[in-house]
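S.K.:
2 protein chains.
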Amino acid sequence: MPETQDPRQNHLLAALPVEDRERLFPKLEETPMPLGHVLYESGAQMRHIYFPTTAIVSLLYVMEDGASAEIAVVGNEGVVGVSLFMGGETTPSRAVVQSAGLAYRLPGQLLKDEFLRAGPMQRLLLRYTQALITQMAQTAVCNRHHSLDQQFCRWLLLSLDRLPTNELVMTQELIANMLGVRREGVTEAAGNVQRAGLIEYRRGHIAVLDRAGLEARTCECYAVVKKEFDRLLPYTD
Amino acid sequence: MPETQDPRQNHLLAALPVEDRERLFPKLEETPMPLGHVLYESGAQMRHIYFPTTAIVSLLYVMEDGASAEIAVVGNEGVVGVSLFMGGETTPSRAVVQSAGLAYRLPGQLLKDEFLRAGPMQRLLLRYTQALITQMAQTAVCNRHHSLDQQFCRWLLLSLDRLPTNELVMTQELIANMLGVRREGVTEAAGNVQRAGLIEYRRGHIAVLDRAGLEARTCECYAVVKKEFDRLLPYTD
DNA sequence: CGGGTTCTGTTCGACACCGCACAGATCTTC
DNA sequence: GAAGATCTGTGCGGTGTCGAACAGAACCCG
Chain A
1 MPETQDPRQN HLLAALPVED RERLFPKLEE TPMPLGHVLY ESGAQMRHIY FPTTAIVSLL
61 YVMEDGASAE IAVVGNEGVV GVSLFMGGET TPSRAVVQSA GLAYRLPGQL LKDEFLRAGP
121 MQRLLLRYTQ ALITQMAQTA VCNRHHSLDQ QFCRWLLLSL DRLPTNELVM TQELIANMLG
181 VRREGVTEAA GNVQRAGLIE YRRGHIAVLD RAGLEARTCE CYAVVKKEFD RLLPYTD
Chain L
1001 MPETQDPRQN HLLAALPVED RERLFPKLEE TPMPLGHVLY ESGAQMRHIY FPTTAIVSLL
1061 YVMEDGASAE IAVVGNEGVV GVSLFMGGET TPSRAVVQSA GLAYRLPGQL LKDEFLRAGP
1121 MQRLLLRYTQ ALITQMAQTA VCNRHHSLDQ QFCRWLLLSL DRLPTNELVM TQELIANMLG
1181 VRREGVTEAA GNVQRAGLIE YRRGHIAVLD RAGLEARTCE CYAVVKKEFD RLLPYTD
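If you're matching them up, the sequences are chains A and L in order.
With my numbering, the residue at position 28 of the first sequence is 28, and numbering never jumps.
With my numbering, the residue at position 190 of the second sequence is 1190, and numbering never jumps.
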């Protein structure tokens, strides 16, 4: 466990040339991200853009009747708040911390100034946004065609890729909110996957035992998204 | 009916200041878009970016088993090929002409040069991309939560908004491919909506009789997307 | 006009997920 | 360690979509 936090735990920040890092890093604010914390509400003005390091953030759409569905998930590979530089300032979705941790944030105006320099940061942000688009598109496809079991595995893998450990802290109720299904459905899917020996489940904790097994059990959507992220945002530790 | 085509039938092109139009318009190539024509294949290098005027283009993801699902639809309010300026050059989806018509296209390199000027065109393209993101996100939500009837109405309205007439030429089979459902499902949904007196159906032609009725019958997703497009890309004829 | 093609409508059982109700298990707190 | 809260597992009927098979209707073309 590293006793000191470093913005470079975020892949986008890590990919910046030294020169840009020296200009930007002093302006970053280290921000704790407690579980369930809402970074942006649907339609609300965003004040900051967030670069997660150890936290994971879900982009959720919440319907009028209260039902919800996850649109995408963001971890240390990306950034929360793309509409700040895309020009819209707000989005109709909500950003909520799905796994507690840390992020570095930058005031919106500073981010916009940086974007307008048209330097490496702009390039990275746009490429990341395209990867995010792919994730959303694939979520749409997956919601249409694939079984809950497969979607559960996909969700698990996407979360796992954004965590340093193989365990995630998450109740079935919350997973159900993310996937936009009933809690009982998650109970069943998780039970199936556990019986197959791929995960170990205990009250709010999921430990992944067999990653390859999960990948075999999920649909093609996971691989499509993963491949596209790797292509657009190559990263080496 | 205008006997001459004009790039300004595309809202993004129309929104450019005179100065930018004079630079760009001479480089545009008027391109016929026949029904079913594939503009980009999944993963293939894009050569041009397309600004539809009277055509409508579907962005589809086609799965390994051949099943498909529409991710978004683009008409004269937007542009096909955002990954050219986002930096990825390709996407894992396919762009297919859903309704025949015309478009103006620009070679990829010219578009990228224009984007790098960081002028009005860049601003428009980014804002449009954010609107497109909203459409994709809402497609994901809709696929998860809403009935086929509602999705059929949403699809109809989104297409209608991009057409000059109230009639669209489209078989149930094709609509089913777009929505990612069975053809029989579309038969039933269309039958329901026709019995309600909102549309008139005859072998490959759908005429909308009661637009307000359709809006009442669809889910909130349509309004969310519409509102976001209007907010991000205000347009007056 | 007639024959062939394409598109649309209907039926049927199968199955996945829903909504609800409730029991049981596990953790927390005092 | 007992009480309470939270989380997880299970059973039930209901419903919407699927998959397949087939009949009928509309259009096209020779």
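Cβ atoms here follow ideal geometry from the backbone N, Cα and C, with glycine treated the same way.
Return the chain-ordered ranges of every beta strand (DSSP E) run that is complete within the region 1025-1077 of chain L and spans a minimum of 3 residues.
M.R.: 1029-1033, 1038-1040, 1048-1052, 1056-1062 and 1068-1074
S.K.: Name, please, each residue of chain L whose Cβ falls closer than 7 Å to the Cβ of Q130 (chain A).
M.R.: S1083, M1086, G1087 and G1088
S.K.: State buried or exposed for E135 (chain A), treating a residue as buried only when at least 16 other CB atoms are found within 10 Å of its CB.
M.R.: This sequence places Gln at residue 135 (chain A); Glu is not what is there. Label assigned to Q135 (chain A): buried.
S.K.: Can you pull the chain L neighbours of M136 (chain A), defined as C-beta to C-beta under 7 Å?
M.R.: I1133, M1136, A1137 and A1140
S.K.: Which runs of the alpha helix (DSSP H), 4 residues or longer, sit entirely within the region 105-190 of chain A?
M.R.: 108-116, 120-145, 148-160 and 172-179
S.K.: Pick from L:Q1122, L:A1100 and L:G1088: whose alpha carbon is nearest that of V1169 (chain L)?
M.R.: L:A1100
S.K.: Am I right that T1139 (chain L) and A1212 (chain L) are in contact with their C-beta atoms under 8 Å? What's the rounded C-beta distance?
M.R.: The pair is not a contact, with the Cβ atoms about 23 Å apart (cut-off 8 Å).
S.K.: Under the DSSP definition of a beta bridge, which residues are partnered with E200 (chain A)?
M.R.: A:A207
S.K.: For L1126 (chain L) and E70 (chain A), what's the separation of their Cα atoms in angstroms?
M.R.: So the alpha carbons of these two residues sit roughly 23 Å apart.
S.K.: What does R94 (chain A) pair with, by DSSP beta-bridge criteria?
M.R.: A:L60
S.K.: Under three-state DSSP, which class holds L1232 (chain L)?
M.R.: helix
S.K.: Please identify the residue among L:L1102, L:L1059, L:E1215 and L:P1107 whose C-alpha is closest to the C-alpha of V1096 (chain L).
M.R.: Comparing Cα positions, the closest option is L:L1059.
S.K.: Which residues of chain A have a Cβ atom closer than 8 Å to the Cβ of I1175 (chain L), listed in chain order?
M.R.: In chain order: nothing, as chain A lies at least about 14 Å away.
S.K.: Are at least three pairs of beta-carbons, each pair with one atom in the region 1060-1067 of chain L and one in the region 1009-1026 of chain L, less than 8 Å apart?
M.R.: no
S.K.: Report the option in L:Q1109, L:Q1098, L:L1157 and L:Y1050 whose CA atom is closest to the CA atom of P1034 (chain L).
M.R.: L:Q1098
S.K.: Look at the Cβ atom of R1105 (chain L), then the Cβ atom of I1056 (chain L), and state whether they are nearer than 8 Å.
M.R.: In this structure, I1056 (chain L) does not lie closer than 8 Å to R1105 (chain L) by Cβ.
S.K.: Less than 8 Å between CB atoms is the rule here; does P92 (chain A) satisfy it with respect to chain L?
M.R.: yes
S.K.: Let's test the definition: count the other Cβ atoms within 10 Å of the Cβ of P1234 (chain L) and tell me whether it reaches 16, buried, or not, exposed.
M.R.: Its Cβ having fewer than 16 others within 10 Å, P1234 (chain L) is exposed.
S.K.: Terminal residues of the continuous alpha helix (DSSP H) containing L12 (chain A)?
M.R.: H11 to A14
S.K.: Does T4 (chain A) pass the burial test, meaning 16 or more other C-beta atoms within 10 Å, or should it be called exposed?
M.R.: Around the Cβ of T4 (chain A), a 10 Å sphere holds fewer than 16 other Cβ atoms; the residue is exposed.
S.K.: Which word fits P1017 (chain L), buried or exposed, when buried means at least 16 other C-beta atoms lie within 10 angstroms of its C-beta?
M.R.: Label assigned to P1017 (chain L): exposed.
S.K.: At a Cβ cut of 7 Å, what residues of the region 1061-1083 of chain L count as close to chain A, listed as they run along the chain?
M.R.: Flagged, chain order: Y1061, M1063, E1064, A1067, A1069, I1071 and S1083.
S.K.: Counting only C-beta atoms, is R183 (chain A) closer than 8 Å to chain L at any point?
M.R.: False, the Cβ-Cβ gap to chain L never drops below 8 Å.
S.K.: Roughly how many angstroms lie between the CA atoms of L179 (chain A) and Q151 (chain A), to the nearest whole one?
M.R.: 8 Å
S.K.: Rounded to the nearest angstrom, what separates R1217 (chain L) and A1103 (chain L) at their Cα positions?
M.R.: 32 Å
S.K.: With distances taken Cα to Cα, identify the nearest neighbour of D149 (chain A) among A:I175, A:E30 and A:R47.
M.R.: A:I175
S.K.: Compare the C-beta of E1095 (chain L) with all C-beta atoms of chain A and state if any pair is closer than 8 Å.
M.R.: This sequence places Ala at residue 1095 (chain L); Glu is not what is there. For A1095 (chain L), the answer is no, since every Cβ of chain A falls outside 8 Å of its Cβ.
S.K.: How long is the line joining the alpha carbons of G197 (chain A) and R183 (chain A), rounded to whole angstroms?
M.R.: 21 Å
S.K.: For A216 (chain A), does the three-state DSSP call read helix, strand or coil?
M.R.: helix
S.K.: Looking at C-alpha atoms only, which residue of A:P7, A:H11 and A:D6 is the closest neighbour of R162 (chain A)?
M.R.: A:H11
S.K.: Around the Cβ of M1001 (chain L), are there at least 16 other Cβ atoms within 10 angstroms (buried) or fewer (exposed)?
M.R.: No answer about M1001 (chain L) holds up, because its pLDDT of 46 lies below 50 and its placement is not dependable.
S.K.: Which chain L residues sit within Cβ distance under 7 Å of R144 (chain A)?
M.R.: Per Cβ cutoff of 7 Å: A1069, N1143 and G1180.
S.K.: Determine whether the Cβ of R123 (chain A) lies closer than 8 Å to any Cβ atom of chain L.
M.R.: yes
S.K.: Among the residues of its own chain, which have a CB less than 6 Å from the CB of E1077 (chain L), if the five just before and after it don't count?
M.R.: H1011
S.K.: Could you check the C-alpha separation between V1082 (chain L) and K1112 (chain L) for me, to the nearest Å?
M.R.: 11 Å
S.K.: Give the DSSP-derived three-state secondary structure of V1080 (chain L) in the structure shown.
M.R.: V1080 (chain L) carries a strand assignment under DSSP once its states are collapsed to helix, strand and coil.
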